[in-house]
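Trainee: Order-wise, the sequence lines are chains W and D.
Residue numbering for the first sequence follows this note's numbering, starting at 351 and increasing by one per position.
Residue numbering for the second sequence follows this note's numbering, starting at 177 and increasing by one per position.
Beta carbons: idealized from backbone N, C-alpha and C, even for Gly.
Quick one: structure below, then a few questions.
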Amino acid sequence: MEILVCAKRVPDTSENEIELNRAGNDIERDDLVYSINEADNYAVEEALQIVAKAGGSVTVVTVGGEDDEEILRREMAMGANHGVLISDEALFGSDGRGIATILKAFVHKGNYDLILTGVQAEDGAAQIGGMLAAMLDYPFASLVNSIEVLDGRKLKVSREIAGGNREVNEIDLPCVLSIQTGINEPRYVGMRGIRAVASVPIPTISAVELGLDPGAAGANAAKVKRVDYFVPALGKGAEMLQGSREENIEKVFELLEAKGGLR
Amino acid sequence: MPRIFAYITHKNGVADDSAVELAAAGKKIDGAASPTAILAGWGPDLNAACTSLPAAFSEMWKIASEVLAYPNAELIRKALVKVVPANSIVLIPHEHFGIDLAPGLSIKTNSAFVSDVVNIEGLEGSTLHCVRQEFGGQVSAHVQCDISSGVVITVRPGAFKAIESVTTRGAVVEKSIDIGSLKAGRRYLETIVAEAGDVDITKHNVLVSVGRGIQEKDNVAIAEELANVLGAAVSCSRPVVDAKWLPKSRQVGSSGNTVKPKVYLACGISGASQHLAGIKGSFLIAINKNPKAPIFQVADVGIVDDILEFLPELTDKIREMRTVSAK
Chain W
351 MEILVCAKRV PDTSENEIEL NRAGNDIERD DLVYSINEAD NYAVEEALQI
401 VAKAGGSVTV VTVGGEDDEE ILRREMAMGA NHGVLISDEA LFGSDGRGIA
451 TILKAFVHKG NYDLILTGVQ AEDGAAQIGG MLAAMLDYPF ASLVNSIEVL
501 DGRKLKVSRE IAGGNREVNE IDLPCVLSIQ TGINEPRYVG MRGIRAVASV
551 PIPTISAVEL GLDPGAAGAN AAKVKRVDYF VPALGKGAEM LQGSREENIE
601 KVFELLEAKG GLR
Chain D
177 MPRIFAYITH KNGVADDSAV ELAAAGKKID GAASPTAILA GWGPDLNAAC
227 TSLPAAFSEM WKIASEVLAY PNAELIRKAL VKVVPANSIV LIPHEHFGID
277 LAPGLSIKTN SAFVSDVVNI EGLEGSTLHC VRQEFGGQVS AHVQCDISSG
327 VVITVRPGAF KAIESVTTRG AVVEKSIDIG SLKAGRRYLE TIVAEAGDVD
377 ITKHNVLVSV GRGIQEKDNV AIAEELANVL GAAVSCSRPV VDAKWLPKSR
427 QVGSSGNTVK PKVYLACGIS GASQHLAGIK GSFLIAINKN PKAPIFQVAD
477 VGIVDDILEF LPELTDKIRE MRTVSAK
């Protein structure tokens, strides 16, 4: 099974508190720790597990700049066979449709049976997988939390629906799946693993090499634009306890008692 | 003004609560008109769902087909592409079905797509101004969208409050014939109902709920100890289940359990909307190291502290008070 995983490098919300910058129009980007988007990492792990059973290879692709290469290297340290960076100034400022258009052109240059994305990027919209599938006329399933390879170029996938229930579907290959966090336990990547792939060349592909029409992606093609970030004025908000820890504990104890929380 | 449609999800013959929220979102785009509802399905369930629809829509478009008896997003997308006119505005709830349907629908209708919208600030010419959230709700973003060739919008459940004054009960318009025959590369097999866990977190007066701030599996014991002295149960947010520190049956949120304890102690939980959607009517006490955590916007009482230190001291305090009162 030839598997493509589409991944994105994002500010890591488990390492950073995301705050507004001083100008109040963007997030504070100084000293941000970036990493591969969490759901995308689960997607790579899932791809590796499928290939371990069914054979084939795993390619991880991202659209971005040279800084984004680090996530490709990390996923190769996990075991992905190939990393590809699609990078071109003409593509900067693409919206979701633009990114899906770029990925479609890349998919057409290969021969993939299965395309995975993370369900949503931390700064994203849960859109790329569904858009890409529609552009390719492949079937699609979102929020996938288990995959089983069946005979006859089919998969059995379950999706996370409301209340912890799972919706089980059969889906024809080739297809696109968006992978939910928690589907597996992504393997640990140590410094040794990273060092082992440190000098592996990672190809960079331009818009022209993909045969993209000028104007098919990039800022001018984008119909959807993020204008700025902001933090909305709060409603009432919580009553913040400002006392010492001991006083705060006293207060929580009183609240538990008053609200019927103590037996 | 482009025509506004609201895709109505329904189950067991009852329209989802999101219907009135979509109507309210539509009113924020065009205050003068009520949106047109679209319902797809089959048989008595579909008819009952149409009847159950609140009076907030100018028309009700009904798409009946045996293959739509279970809502398959690919089939419904193909049906919508055939019936929805070009350049329309289509509103869809942002949940597991909408996430499946909407991005592909925007491609096939050559429309823009804005996902998980929490507010709509208005339409200026063909520019729609929306608000979204990013980074689990830690920051919001103003988003501009060119809707000159239409737009598909998914709407955050609970973000738009129903407008009570609206009483338009539109006629049912039969659209079934227009969809032709439909085929999909994905076929529904079955629904597996969530397994009951060792502890039923929906039945407790107090929940000690832990999030990413608990940091590692061994620390869950700190919450367990507090829960023990309180006679409470330990629940959690999604990252704790993803990390396999607690089973899925302990998860609170739209993809887990809906709970209504008297007191909900949110410990190291940032407060993503999917988590908050699972807490109903509880007194919410939030403890988090990050003073800007979104949980403090919705909690009743907030404490900025490290749960790994705060919780054991709270446990000791409660034990001590118990001992005093037992004497």
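Can you name the residues that DSSP bridges to K238(D)?
Mentor: What you label residue 238(D) is simply residue 62 of the second sequence in a count that begins at 1. For K238(D), which the question treats as bridged, DSSP gives the partners L215(D), E350(D).
Trainee: Since A408(D) contacts H451(D) with CB under 8 Å, what's their CB separation in whole angstroms?
Mentor: If you number the second sequence from 1, residue 408(D) lands on position 232. If you number the second sequence from 1, residue 451(D) lands on position 275. Actually they do not touch by this definition, with Cβ atoms about 18 Å apart.
Trainee: For the 8 Å Cβ check, are there 3 or more pairs between the segment 365-374 of chain D and the segment 230-238 of chain D?
Mentor: no
Trainee: Please confirm whether H186(D) has its beta-carbon closer than 8 Å to some beta-carbon of chain W.
Mentor: What you label residue 186(D) is simply residue 10 of the second sequence in a count that begins at 1. Proximity of H186(D) to chain W, defined by a Cβ-Cβ separation below 8 Å, is not satisfied.
Trainee: On the DSSP bridge assignment, give the partners of Y440(D) in chain order.
Mentor: In the second sequence, counting from the first residue as 1, residue 440(D) sits at position 264. Y440(D) pairs with L383(D), L460(D).
Trainee: Along chain W, which residues have their Cβ under 9 Å away from the Cβ of I252(D)?
Mentor: For the purposes of this step, residue 252(D) is identified with residue 76 of the second sequence, where counting begins at 1. The premise fails here: I252(D) is roughly 13 Å from chain W at the closest Cβ pair, so nothing lies under 9 Å.
Trainee: Would you verify that the beta carbon of N598(W) is, or is not, closer than 8 Å to some beta carbon of chain D?
Mentor: Reading the first sequence from its first residue, position 248 is the one you call residue 598(W). For N598(W), the answer is yes, since a Cβ of chain D falls inside 8 Å of its Cβ.
Trainee: Quick check: the segment 507-517 of chain W against the segment 369-382 of chain W, are at least 3 beta-carbon pairs closer than 8 Å?
Mentor: Between the segment 369-382 of chain W and the segment 507-517 of chain W there are fewer than three inter-stretch CB-CB distances shorter than 8 Å, so the stretches are not counted as touching.
Trainee: Of all the options V190(D), V328(D), K254(D), A224(D), which has the alpha carbon lying nearest to the alpha carbon of A201(D)?
Mentor: What you label residue 201(D) is simply residue 25 of the second sequence in a count that begins at 1. The option with the nearest alpha carbon to A201(D) is V328(D).
Trainee: With a threshold of 16 other CB atoms inside 10 Å of the CB of A288(D), please say whether the residue is buried or exposed.
Mentor: Looking up residue 288(D) in the second sequence gives position 112. Under this definition A288(D) is a buried residue.
Trainee: So, is I353(D) buried or exposed, given that buried needs 16 or more other C-beta atoms within 10 angstroms?
Mentor: If you number the second sequence from 1, residue 353(D) lands on position 177. Answer is exposed; the Cβ neighbour count stays below 16.
Trainee: What residue range does the beta strand (DSSP E) around D292(D) cover?
Mentor: Along the second sequence, read from residue 1 onward, the residue named residue 292(D) stands at position 116. First-last of the beta strand (DSSP E) with D292(D): 288-293.
Trainee: Mind reading off the beta-carbon distance from V439(D) to I461(D)? Whole number of angstroms is fine, and I expect it under 8 Å.
Mentor: Walking along the second sequence from the start, residue 439(D) turns up at place 263. Walking along the second sequence from the start, residue 461(D) turns up at place 285. So it is a contact: roughly 7 Å between Cβ atoms.
Trainee: Jot down the residue ranges of each uninterrupted beta strand (DSSP E) in the segment 544-602 of chain W, minimum 3 residues, whole runs only, in chain order.
Mentor: 574-580
Trainee: Is I436(W) near I386(W), with beta carbons less than 8 Å apart?
Mentor: Against the first sequence, residue 436(W) aligns to sequence position 86. Against the first sequence, residue 386(W) aligns to sequence position 36. No.
Trainee: At least one CB of chain W closer than 8 Å to the CB of F336(D): is that the case?
Mentor: As a first step, residue 336(D) must be located in the second sequence, where it is residue number 160. Against chain W, the CB of F336(D) has no partner CB under 8 Å away; the residue lies outside that interface.
Trainee: Extract the residue ranges of the beta strand (DSSP E) inside the segment 516-544 of chain W, only unbroken runs of 3 or more that lie entirely within it.
Mentor: 516-522, 525-529
Trainee: What residue range is occupied by the uninterrupted beta strand (DSSP E) comprising I329(D)?
Mentor: Here residue 329(D) is taken as the residue at index 153 of the second sequence, counted from 1. That run of the beta strand (DSSP E) goes 327-331.
Trainee: Decide if V500(D) is buried, meaning its Cβ has at least 16 other Cβ atoms within 10 Å, or exposed.
Mentor: Translated into the one-based positions of the second sequence, residue 500(D) becomes position 324. By the neighbour-count rule (16 or more Cβ atoms within 10 Å), V500(D) is not buried but exposed.
Trainee: Within its chain, find whatever has a CB closer than 8 Å to the CB of T344(D); leave out the 5 residues flanking it on each side and keep chain order.
Mentor: As a first step, residue 344(D) must be located in the second sequence, where it is residue number 168. Around T344(D): S210, A231, A232, F233, S234.
Trainee: If we cut at 8 Å on Cβ distances, does E510(W) have a partner in chain D?
Mentor: Your numbering for residue 510(W) matches position 160 in the first sequence. So yes, E510(W) belongs to the interface.
Trainee: Determine whether the beta carbon atoms of P553(W) and V434(W) lie at a separation below 8 Å.
Mentor: Along the first sequence, one-based indexing puts residue 553(W) at 203. Along the first sequence, one-based indexing puts residue 434(W) at 84. Against a cut-off of 8 Å, the Cβ pair of V434(W) and P553(W) comes out as a contact.
Trainee: Which residue comes first and which comes last in the alpha helix (DSSP H) that contains G202(D)?
Mentor: Here residue 202(D) is taken as the residue at index 26 of the second sequence, counted from 1. Start and end: 194-205.
Trainee: Assuming contact is defined by CB atoms lying nearer than 8 Å, are I323(D) and S291(D) in contact in what I supplied?
Mentor: Here residue 323(D) refers to the residue found at position 147 of the second sequence. Here residue 291(D) refers to the residue found at position 115 of the second sequence. Result no, Cβ atoms of I323(D) and S291(D) do not sit closer than 8 Å.
Trainee: With DSSP run on the structure shown, which of helix, strand or coil describes K284(D)?
Mentor: To locate residue 284(D), count along the second sequence from 1; it is residue 108. It is helical.
Trainee: Indicate the three-state DSSP secondary structure (helix, strand or coil) for Y364(D) in the structure shown.
Mentor: Position 188 of the second sequence holds residue 364(D). The three-state reading of DSSP puts Y364(D) in strand, counting E and B together.
Trainee: Taking L402(D) as part of the alpha helix (DSSP H), name the residues at either end of that continuous run.
Mentor: For the purposes of this step, residue 402(D) is taken as residue 226 along the second sequence, with counting starting at 1. Element bounds for L402(D): 396-406.
Trainee: Under a Cβ-count criterion, where at least 16 other Cβ atoms within 10 Å of its own Cβ denotes burial, should T285(D) be classed as buried or exposed?
Mentor: Reading the second sequence from its first residue, position 109 is the one you call residue 285(D). By the 10 Å Cβ count, T285(D) comes out buried.
Trainee: How many Å lie between V349(D) and L215(D) at the Cα?
Mentor: Here residue 349(D) corresponds to residue number 173 of the second sequence, with the count starting at 1. Here residue 215(D) corresponds to residue number 39 of the second sequence, with the count starting at 1. Their backbone Cα atoms lie some 10 Å apart in a straight line.
Trainee: Any contact of the segment 589-608 of chain W with the segment 473-481 of chain D, i.e. 3+ C-beta pairs under 8 Å?
Mentor: yes
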